[in-house]
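Just below is one structure, and these are the notes that go with it.
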Amino acid sequence: EAQVTQNPRYLITVTGKKLTVTCSQNMNHEYMSWYRQDPGLGLRQIYYSMNVEVTDKGDVPEGYKVSRKEKRNFPLILESPSPNQTSLYFCASSSGQGDNSPLHFGNGTRLTVT
Amino acid sequence: AQSVTQLDSHVSVSEGTPVLLRCNYSSSYSPSLFWYVQHPNKGLQLLLKYTSAATLVKGINGFEAEFKKSETSFHLTKPSAHMSDAAEYFCVVSDPLGGSYIPTFGRGTSLIVHP
């Protein structure tokens with residue numbers, strides 16, 4: 029089954045404790061992206077990647093890192109989480125061919141930083 | 501630069517009545533347009549997408565949207581709401597920048613369906 033898998037679904041951590049949220053897709057998609065969703069603000073893009081070893085900042089990249097060492101994986105790293113990073117995070121992928129290829133989303137990771 | 505505005509943060513309808521969720525966009529090029537739906541505690545799912553082949557686009561679950569270039573709109577409609585339609589809806593625009601796909605999301609419209 030074609031899917032985007034995020035882990036974990038729920039995560040509670042403390043300020044400053046490094047964490048990684050994993051994202052994997054099995055559709056051989058070139059484009060992958062991370063979003064955060066906050067009430068009233070919709071989805072805001074954190075980082076995206078057009079292909080292996082190619083990443084770029086989205087609208088809200090501060091406090092986050094990503095890597096794209098393999099095509100299928102695109103982990104989101106919070107080196108020193110802060111409470112303002114408490115949010116619902118989504119990973120998405122698409123073939124990224126510049127046409128009408130839609131995004132495929134994971135089920136989300138709800139992060140709480142205390 | 502591209503942008504998208506969803507004109508209503510909340511829309512409330514009764515079951516069996518029509519649904520209208522409004523979306524306006526701006527785009528420097530010929531845009532790609534999408535509607536996604538998010539049910540509670542779920543990821544986003546594609547409802548429909550606009551291709552240049554037809555201005556009236558049919559999606560899943562009886563939804564459709566009409567692309568109106570002169571009005572820069574892509575409103576989502578459904579003739580008769582069902583309780584299961586209660587969800588968050590997102591309008592998305594993208595521009596083909598150098599062959600890549602970098603979408604911009606609207607802030608979402610919460611659809612409330614009353615019995």
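As they're listed, the protein sequences go chains A and B. Last residue of the first sequence? That's 142 in the numbering used here, and every number before it is there in order. Last residue of the second sequence? That's 615 in the numbering used here, and every number before it is there in order. Backbone N, C-alpha and C define an ideal beta-carbon position, used for all residues, glycine too.
| Query | Result |
| --- | --- |
| So what does DSSP say about ASP585/B, is it helix, strand or coil? | helix |
| Note down the Cα distance separating LYS99/A from GLY516/B, rounded to an integer number of angstroms. | 45 Å |
| In the DSSP assignment, find the beta strand (DSSP E) that holds MET78/A and state where it starts and stops. | 70–79 |
| So which residues on chain A does ARG607/B lean against when the C-beta distance must stay under 9 Å? | GLY68, LEU69, GLY70, LEU71 |
| At a Cβ cut of 9 Å, what residues of the region 517–544 of chain B count as close to chain A, listed as they run along the chain? | SER532, LEU533, PHE534, TYR536, GLN538, ASN541, LYS542, GLY543, LEU544 |
| Thinking just about the alpha-carbon of each residue, which of GLY543/B, SER526/B, CYS591/B is nearest to the one in SER121/A? | GLY543/B |
| I'd like to check one pair, TYR525/B with THR572/B: are the Cβ atoms closer than 7 Å? | yes |
| How is ASN524/B classed by DSSP in three states: helix, strand or coil? | strand |
| Please classify ASN112/A: does DSSP put it in a helix, a strand, or coil? | helix |
| According to a CB-to-CB cut-off of less than 8 Å, which residues of the region 548–580 of chain B neighbour chain A? | LYS549, TYR550, THR551 |
| According to the neighbour-count rule (16 or more other Cβ atoms, all chains shown, within 10 Å of its Cβ), is GLY598/B buried or exposed? | Per-residue confidence for GLY598/B stands at a pLDDT of 48, beneath the threshold of 50, marking its modelled position as unreliable; the derived number appears in the next sentence. Exposed is the call here. |
| What would DSSP say about ASN101/A, mapped onto helix, strand or coil? | strand |
| Mind checking THR609/B: buried by the 16 CB within 10 Å criterion, or exposed? | buried |
| Give me the chain A residues within the contact set of PRO603/B, using Cβ-Cβ distance strictly less than 7 Å, ordered along the chain. | LEU131 |
| Using beta carbons (cut-off 7 Å, strictly below), is ASN56/A in contact with chain B? | no |
| Counting only beta-carbon separations shorter than 7 Å, does TYR38/A have a partner in chain B? | no |
| Our contact map puts ASN112/A next to SER52/A with C-beta atoms below 8 Å; I'd like the distance itself, whole angstroms only. | Wrong, their Cβ atoms sit about 27 Å apart, outside the cutoff. |
| Please report how far the alpha carbon of CYS523/B lies from the alpha carbon of VAL141/A, in whole angstroms. | 34 Å |
| For PHE567/B, verify whether its CB is less than 6 Å away from any heavy atom of the ligand NAP. | With respect to the ligand NAP, the structure shown offers nothing to examine, as it has no ligands at all. |
| To which residues of the same chain is LYS93/A closer than 6 Å at the C-beta, ignoring the five residues directly before and after it? | ILE105 |
| In this structure, how does DSSP classify ASN35/A when only helix, strand and coil are distinguished? | strand |
| Could you tell me whether the Cβ of ASN5/A comes closer than 7 Å to any Cβ of chain B? | Outside the shown range of chain A, which is 29 to 142, sits residue 5/A, and nothing can be said about it. |
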